[in-house]
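What follows is a short report on a single structure.
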């Protein structure tokens with residue numbers, strides 16, 4: 013009757029202080045410290061990286077879509093201001109082209125929301141845009157990543 017007695021060892025979590033700084037550990041060193049297999053640790057890390065990549069991609073694609081909508085709306089406002097500043101039929105195209113940059117700078121200076129309200133008030137043409145916050149969000153992202 014040679015039955016063997018199996019003893020289960022209770023796994024105890026390793027206190028983080030005992031781990032020290034594991035940032036520079038190799039996968040093998042970390043696996044040994046944690047009492048797991050290196051390939052399992054690699055699989056876990058790759059799965060987490062993929063989850064984060066997908067989450068970031070989704071977030072930034074949504075912001076990109078909103079930024080594209082914002083750009084289209086800004087172009088509409090620029091055109092409206094350029095036409096307003098240009099009003100006249102003689103050499104209208106050249107005057108429109110000449111006024112595109114000043115209209116763009118004006119909108120940039122006073123802001124998208126204020127420009128929208130002002131052009132609506134001055135022209136009586138109601139333009140609808142509901143995502144004014146994207147301007148600030150894009151600026152914050154640019155600052156975070158050193159682009160501003």
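Numbering (our numbering), first residue to last: 13 to 160.
Beta carbons: idealized from backbone N, C-alpha and C, even for Gly.
Bear in mind the structure is a predicted one, so any value in this text is a computation, not a measurement.
Tell me the rounded alpha-carbon separation between residue i and residue j.
{"i": "residue 145", "j": "residue 98", "result": "30 Å"}
{"i": "residue 55", "j": "residue 137", "result": "58 Å"}
{"i": "residue 38", "j": "residue 156", "result": "30 Å"}
Going by beta-carbon coordinates alone, are residue i and residue j separated by less than 8 Å?
{"i": "residue 205", "j": "residue 115", "result": "What the structure shows of the chain is the stretch from 13 to 160, and residue 205 is not part of that stretch, so it cannot be assessed."}
{"i": "residue 139", "j": "residue 108", "result": "no"}
{"i": "residue 119", "j": "residue 86", "result": "yes"}
{"i": "residue 69", "j": "residue 53", "result": "no"}
{"i": "residue 78", "j": "residue 143", "result": "yes"}
{"i": "residue 96", "j": "residue 135", "result": "yes"}
{"i": "residue 112", "j": "residue 90", "result": "yes"}
{"i": "residue 124", "j": "residue 147", "result": "yes"}
With a 10 Å radius around its C-beta and 16 neighbouring C-beta atoms as the bar for buried, classify residue i as buried or exposed.
{"i": "residue 76", "result": "exposed"}
{"i": "residue 73", "result": "exposed"}
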